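Number of protein chains: 4
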Amino acid sequence: MGMVGGGRGAFIGAVHRMAARLDGEIELVAGCFSSDPAKSKLSGADFFLDPARVYGTYEEMARAEAALPPDQRIDFVSIVTRNNTHFAVAKTFLEAGFHVVCDKPLCFTRKEGLKLREVVRRTGRVFALTHNYTGYPMVKEAREWVRAGKLGRIIKVVAEYPQGYAIAALETARDGAISNWRMDPQVAGVSNCMGDIGTHAHNLVRYITGLEVEEICAELSTFIPGRPLDDDGNCLVRFSGGAKGIIYASQVSNGDENNLNIRVYGTKGGLEWHQENPNELVFKRADTPPAISRRGNGYLSAAAQANTRTPFAHPEGFIEAFANVYRAAGTAIADAVAGRKPPKAGYDFPTIEDGLAGMAFIETVVKSSKAGAKWVKWPRD
Amino acid sequence: MGMVGGGRGAFIGAVHRMAARLDGEIELVAGCFSSDPAKSKLSGADFFLDPARVYGTYEEMARAEAALPPDQRIDFVSIVTRNNTHFAVAKTFLEAGFHVVCDKPLCFTRKEGLKLREVVRRTGRVFALTHNYTGYPMVKEAREWVRAGKLGRIIKVVAEYPQGYAIAALETARDGAISNWRMDPQVAGVSNCMGDIGTHAHNLVRYITGLEVEEICAELSTFIPGRPLDDDGNCLVRFSGGAKGIIYASQVSNGDENNLNIRVYGTKGGLEWHQENPNELVFKRADTPPAISRRGNGYLSAAAQANTRTPFAHPEGFIEAFANVYRAAGTAIADAVAGRKPPKAGYDFPTIEDGLAGMAFIETVVKSSKAGAKWVKWPRD
Amino acid sequence: MGMVGGGRGAFIGAVHRMAARLDGEIELVAGCFSSDPAKSKLSGADFFLDPARVYGTYEEMARAEAALPPDQRIDFVSIVTRNNTHFAVAKTFLEAGFHVVCDKPLCFTRKEGLKLREVVRRTGRVFALTHNYTGYPMVKEAREWVRAGKLGRIIKVVAEYPQGYAIAALETARDGAISNWRMDPQVAGVSNCMGDIGTHAHNLVRYITGLEVEEICAELSTFIPGRPLDDDGNCLVRFSGGAKGIIYASQVSNGDENNLNIRVYGTKGGLEWHQENPNELVFKRADTPPAISRRGNGYLSAAAQANTRTPFAHPEGFIEAFANVYRAAGTAIADAVAGRKPPKAGYDFPTIEDGLAGMAFIETVVKSSKAGAKWVKWPRD
Amino acid sequence: MGMVGGGRGAFIGAVHRMAARLDGEIELVAGCFSSDPAKSKLSGADFFLDPARVYGTYEEMARAEAALPPDQRIDFVSIVTRNNTHFAVAKTFLEAGFHVVCDKPLCFTRKEGLKLREVVRRTGRVFALTHNYTGYPMVKEAREWVRAGKLGRIIKVVAEYPQGYAIAALETARDGAISNWRMDPQVAGVSNCMGDIGTHAHNLVRYITGLEVEEICAELSTFIPGRPLDDDGNCLVRFSGGAKGIIYASQVSNGDENNLNIRVYGTKGGLEWHQENPNELVFKRADTPPAISRRGNGYLSAAAQANTRTPFAHPEGFIEAFANVYRAAGTAIADAVAGRKPPKAGYDFPTIEDGLAGMAFIETVVKSSKAGAKWVKWPRD
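Residue numbers (this note's numbering), protein chains in the order written: chain X, 22 to 402; chain S, 22 to 402; chain W, 22 to 402; chain L, 22 to 402.
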């Protein structure tokens, strides 16, 4: 694979590389790691790449790689740049014939996202979005439970994603660097907190329950003075079919780390999953002892077992979940490269449609909040 | 003390008696335990009462007890009847010169509550409401933290109270008896779920943070077909001073038991308390390990220590917390009976004002929900 | 009931009174609360007793109470004095015709205990020992599981009871008062830590599993300099029938509070219970998700349900468990007083036999440890 | 690197490869993956290796790799074969000039281990043993606490490692394959359970506390009929300097998965770490709220931070910990290859000395148990 963005010091680029590399089936061979060509070269050297394949611009990279013989060029590119460049980079590589793995959110605006969908459809390339939290085996197990009817009809969903790192910035200013571009509307888009992590919570709800939002009433807040975008948001949600929900995300929940949690309640049972303790999934129902399903056991669904690398209670974590997205996308890409048909059941990675749903989420909550926290319908197009 | 309601088989009456009795300072000596005089008599026998002081109606009881010499009659009455009778019973005893301990919610409507406040003010009697969850020592500790500024300025509050018992009724109908009167608008008032447990969540927020609601946007739902009142409700909350919050309660959260939780986030730190694990209170802040304060330790505030009966890790629970309300109210009553002045710091039990705030909560969320989940201002009078 | 010991400031006396009082069926009416008659009188006043029934010595109390008409005198006495006086006090009251509830350990030496058993047998009175941890509903549930064969044949047991309070004494000396008499061989007997809490761990193992010890290899230690008795002990255990186990207790496990835990493993399943989280009981077996049974639910055994006072997730704790011992003993005493036959299933409270097993435990571990941690057979007589 | 053992289907070989690969600094380029040359070839193809460097025997591999030019041959070999072959394979590669990473236990007997130490000393090559549990960042944090005196003088250690997988074999026989060779004394050595996992618990104690065993009293058991080696073992331990401890391990603890836990108690504080929840480390002391240090935070020691790849609450697990051993060993090997001096602080990976301590543990507990669970001195040579 090739990579755009993710040079020295970039957290998410390093995660993508570890995730891609973990199973020994994907190799990084080319990249444009920075908009600064010198930094890009240095990063390439860090990764032991052939200097000839470390590029100064992504356009040059797309061109040069496309000019290589098919068995030498990259099969796909991994895009780990900031939100406002996803569209252009993805479009360039798709049109140059490459498959794409892209960090979330999909792009800068939903309108851009709709255009990108056209490009994906037109080129027929694989497009995967790294909504990595759905890569956890026990999240897959949760989805299987819902699909199998173990919870009955879903009536209530609570998804929460409180973090506290931005509050530290308030006091110490030392996190300024981290949170900088996410708070810049020119780079991040119309939302910081809801775009960065609210979308993960929403994606998790969709993935597990299959429910689509019908209307949202959202109140976004900016508690850290001087910031142009939200650092906290609370949403009431009405889902198609009558389920109700709460989705909230925050970066000023002092002392919380990466506290993404979901609870789903149905007529036959409820489930509960906590990202900070990802190897467990709780099943609850009235009049039965709660049962804690644990990763790596033979009693789990095939989907959960297929996304596991170590035996029970040899904990797996964030990188392994991320690697599951890469593995599924990598399989689809390998099939496409080899001209194999996709399996009947399809592949299990987030697609352009998931990315568009994320953009719809961002734009709907911002619209609702700006209107004073009124109900806003989900866009239909 | 005397008791109105709470005869054979009534859960909450038994809890009140255990709570009152625990410290050996309050003795049940009279009662009207049922609107059915025969059942009242039988209940009185269960409790080893003098049959002469087991009454057929609460009016008779108030009259007869008031006619006894001061050193023989009850000092106060504990009212554990259904919501729609609280007002009349409380008024009767207050006007007959007795102090009152009353189960929550305060009464049937907020309007009734305002009238009751007049009676309390006029008679000068002690009136305590058993919002028992604030009786937990670690809840008192939480309040002390907020008061001492340990959390800084509060910016976000999340209070949740999911239960699942009503879902069982859906499937088995066996809980019908339990949930019956709470679902009857003639007895329970305008809300079931929010009146029964939502008020506890709201009361907990007020008690710990001292924040008052400014506006609420609430959506109540009835998921169990055929029920005239809500069994679930989600609220966005704006507090005076700018804090934001979520309060939700549910009786159809399948598999949850009595899952009352609160998280409070401030500029300097956050706290977390779980009613199902009540002996612990978590303090969190960015860049510091979370610290778990535990009941019974010398490092706790005087308020927490004063409300504890056993050493650390000899767990205390629901009854002990309930007993703390009785103990505080009992102290106030004993002071009043003895003609002692209240201590400067006052007493620590829920009052008529807390009851009125609860009625305001119920009526505001119902009003908001009926308007389609629009923002509704908190009543000011 | 009457009480011997437990005057002002005595922790365990207060617990006994709350436990006895909780259900409203036992009333404290007489006592000798201190070896100092003046202090005894003051304590009696604290408890609102008739001064005529507050005695200066336990011998006087036994005599005077026995001289009262049957319907006025106490039915039983609760003994909460120090270990070295249990025997004399219990013997006196048993021989005066009273039933006895006695704090653990049974007495000063096992030899004394054997004599006391003779007295109990001879007088035919009810004798209950407050091994309170077996009063927890979920401990009763655990026993039912073992009895019902849910775990199969038991092969391994691990019971641990680390506390850390004595370490604080090392540094601050402020706990001196608390730990004083327990460290005095003239008062406590041959062991401090193993006698005080090791016996609880051993009793819990016996109660849940029904297993009897065959041999023990124990190493007791005294980590706090200058103390004449043990403050820590580790034991390997061989049970009759082939099961193996570990029992350990400590009062110098810095930072632990009252961390009594038990795990029992059988051929068909395992269970786990933690005293600090007493409302849950875990069932585990290979290839099945662990299931967490929770107090107050309809799916529990009759024994667990009968020992519960509040609905699920209205936590119960230490006092309620203690009260279950009193309730069971109280039922036996009431039956005896009324001349009713015991129920076929018997009563569920710790007896003189449990007390003797506790004395055997203490003396065996001390013997083993003194021999350099060699295997010592369980006494058979 | 090259690999010996770990062909298709071998769990631990796959873990070693993922761990080695994770950071992108170690590449598998050669191997002898099975004693069956055909299977070795197939495995090599799975790993995309040059068929010329997939060997039929480890001797051939050592010879052929040594014959390659220095910049083309492997730098080190990773040995993931069964216990009884570690010695011969390691000796061969060390003497051929290669550095070695070896799975634990070190070898078949302690005597073999002493010989191997001679080879390591003589050749001057790097020798790392994958006691992977010490690779967890929070285990490193724990060691730093002890070193910094945060716990004071250590007085008590409890290390436990219950698993239950072997009990399933009893009932279903389906785990036969997994547990087969470990139960074969010709392959595994004198112990199954204590050799396989007891050594991990012992290693963890040594790593964190720095304490060395002085004497052990151990009772090993075989609960699964027909097995020639132990499947459970309980040990009392006396450490140099006066600390006491318990170490136990089991593979028949029904329902436990990989439940390695350690508690260390000192005069100033205690710590607690649970492998199944590896991102947290608890600090406890009397009179202070327990504090939960969490991986990825700035408040941790440099050692903990240097062994972390993702931000706080993006959970890391078993593979990442394993990769930390590879990373540290890889650094040492890279330094050796490049002729750089080791850093003053040395490297942080388990060495031949740790391996010998493990062999001493195995042989001491077996000796003690065979003598009827008597105290046996730790070997000194």
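Virtual Cβ for every residue (Gly too), placed ideally from N, Cα, C.
Note that the coordinates shown come from a computational prediction; the quantities given were computed from them, not determined experimentally.
### Members of the region 332–358 of chain S that neighbour chain W once the beta carbon cut-off is set at 8 Å
Those would be 332, 333, 334, 335, 336, 337, 338, 339, 340 and 341, in chain order.
#### Entry: 9 Å Cβ cut-off: residues of chain L touching residue 278/X
Residues of chain L passing the Cβ test: 315, 317, 318, 332, 333, 334 and 335.
### Message
Does the CB of residue 299/S have a neighbour CB from chain L at under 9 Å?
### Response
No - not a single Cβ of chain L is within 9 Å of the one on residue 299/S.
### Message
Against chain L, with Cβ distances strictly below 9 Å, would residue 159/X count as a contact?
### Response
With its beta carbon at least 9 Å from every one in chain L, residue 159/X lies outside the interface.
### Spatial neighbours of residue 370/S in its chain, beta-carbon cut-off 6 Å, leaving aside the 5 residues before and after
Only 149, 346, 349 and 350 meet the Cβ criterion.
### Query
Quick one: what's residue 255/W bridged to in DSSP?
DSSP lists 240/W and 269/W as partners of residue 255/W.
#### Entry: Residue environment, residue 391/S, which counts as buried when at least 16 other CB atoms sit within 10 Å
Result: exposed.
#### Entry: Extent of the continuous beta strand (DSSP E) run through residue 436/S
This structure does not reach residue 436/S, given that chain S is present from 22 up to 402, and the question cannot be answered.
### Message
Just list the residues that DSSP pairs residue 123/S with in beta bridges.
### Response
Residue pairing by DSSP places residue 123/S opposite 100/S and 150/S in a beta bridge.
### Task
Look at residue 75/W and residue 97/W and say whether their C-beta atoms are less than 9 Å apart.
No.
### Query
Could you give the uninterrupted runs of the alpha helix (DSSP H) lying entirely in the region 337–361 of chain X, keeping only those of 4 residues or more?
Listed in chain order, the complete alpha helix (DSSP H) runs (minimum 4 residues) inside the region 337–361 of chain X are 339–359.
### For residue 116/W, the first and last residue of its enclosing beta strand (DSSP E)
For residue 116/W, there is no enclosing beta strand (DSSP E); the enclosing alpha helix (DSSP H) has its first and last residue at 107–116.
### Rounded C-alpha distance that separates residue 106/W from residue 164/W
One C-alpha to the other measures close to 32 Å.
### Query
Per DSSP, what kind of secondary structure is residue 302/X in: helix, strand or coil?
It is a strand residue.
### Query
How long is the line joining the alpha carbons of residue 373/L and residue 223/L, rounded to whole angstroms?
Approximately 15 Å, taken between the alpha carbons.
### Message
Please identify, using Cβ separations under 7 Å, the residues of the region 245–276 of chain X that lie next to chain S, in order along the chain.
### Response
Going along the region 245–276 of chain X in chain order, one finds 253, 255, 257, 265, 267, 269, 271, 273, 274, 275 and 276 with a Cβ nearer than 7 Å to chain S.
### Query
Under the DSSP definition of a beta bridge, which residues are partnered with residue 297/X?
Within the DSSP bridge table, the entry for residue 297/X names no partner.
### Query
Three-state secondary structure (DSSP) at residue 279/L?
Collapsing the DSSP output to three states places residue 279/L in coil.
### Task
Assign residue 182/X to one of two classes, buried (16 or more other C-beta atoms within 10 Å of its C-beta) or exposed (fewer than that).
Answer is buried; the Cβ neighbour count reaches 16.
### Query
Can you list the residues of chain W that residue 287/S reaches, using a CB-CB cut of under 7 Å?
The premise fails here: residue 287/S is roughly 27 Å from chain W at the closest Cβ pair, so nothing lies under 7 Å.
#### Entry: C-alpha distance - residue 87/W paired with residue 53/S, whole-angstrom precision
When rounded, the distance between both Cα atoms is 37 Å.
### Query
Of all Cβ atoms in chain X, is any one closer than 9 Å to the Cβ of residue 54/L?
For residue 54/L, no CB of chain X lies under 9 Å from its own CB, so it is not counted at the interface with that chain.
### Message
Residues in the same chain with beta-carbon distance under 8 Å from residue 84/L, minus the five sequence neighbours each way, listed in chain order, please.
### Response
In its chain, beyond the 5 residues on either side, 117 have a beta carbon closer than 8 Å to the beta carbon of residue 84/L.
### Cβ-Cβ distance between residue 260/X and residue 285/X below 9 Å
Taking 9 Å as the Cβ cut-off, residue 260/X and residue 285/X do not qualify as a contacting pair.
### Task
Output, in sequence order along the chain, the residues in the region 23–38 of chain X whose CB is closer than 9 Å to any CB in chain L.
Listed in sequence order: 32, 35, 36 and 38.
### Query
What is the C-beta distance between residue 27/S and residue 101/S, in whole angstroms, given that I count them as a contact (C-beta under 8 Å)?
Indeed, because the Cβ distance is near 4 Å, the residues count as touching under 8 Å.
### Query
How long is the line joining the alpha carbons of residue 291/X and residue 304/X, rounded to whole angstroms?
Residue 304/X has its alpha-carbon roughly 6 Å from the corresponding atom of residue 291/X.
### Query
Quick one: Cα of residue 395/X to Cα of residue 157/W, how far?
The alpha-carbon atoms of residue 395/X and residue 157/W are separated by roughly 51 Å.
### Query
Checking contacts by CB at 9 Å: is residue 111/S closer than that to chain L?
Not one chain L Cβ lies under 9 Å of residue 111/S.
### Task
Output the boundary residues of the alpha helix (DSSP H) element that contains residue 166/W.
Start and end: 158–168.
### Task
Run the proximity test for residue 97/X: is its beta-carbon closer than 8 Å to any non-hydrogen atom belonging to the ligand PLP?
Ligands displayed in this structure: none; no statement on the ligand PLP is therefore possible.
### Query
I think residue 267/S touches residue 268/X, with their Cβ atoms under 8 Å apart; what is that distance to the nearest whole Å?
Approximately 10 Å separates the beta-carbon atoms of residue 267/S and residue 268/X; this is outside 8 Å, ruling out the contact.
#### Entry: is_contact[residue 69/X, chain L] using C-beta, thresh 9 Å
Chain L, which has a Cβ nearer than 9 Å to the Cβ of residue 69/X, makes this yes.
### Query
For residue 328/S, which option in 385/S, 141/S, 279/S and 159/S has the closest C-alpha, if you only look at C-alpha atoms?
When only C-alpha atoms are compared, the closest one is 159/S.
### Task
Within its chain, find whatever has a CB closer than 7 Å to the CB of residue 248/S; leave out the 5 residues flanking it on each side and keep chain order.
These residues qualify, in order along the chain: 204.
### Task
Give the residues of chain S in contact with residue 308/L, contact being defined as C-beta atoms less than 9 Å apart.
Neighbours of residue 308/L on chain S, chain order: 318, 319 and 320.
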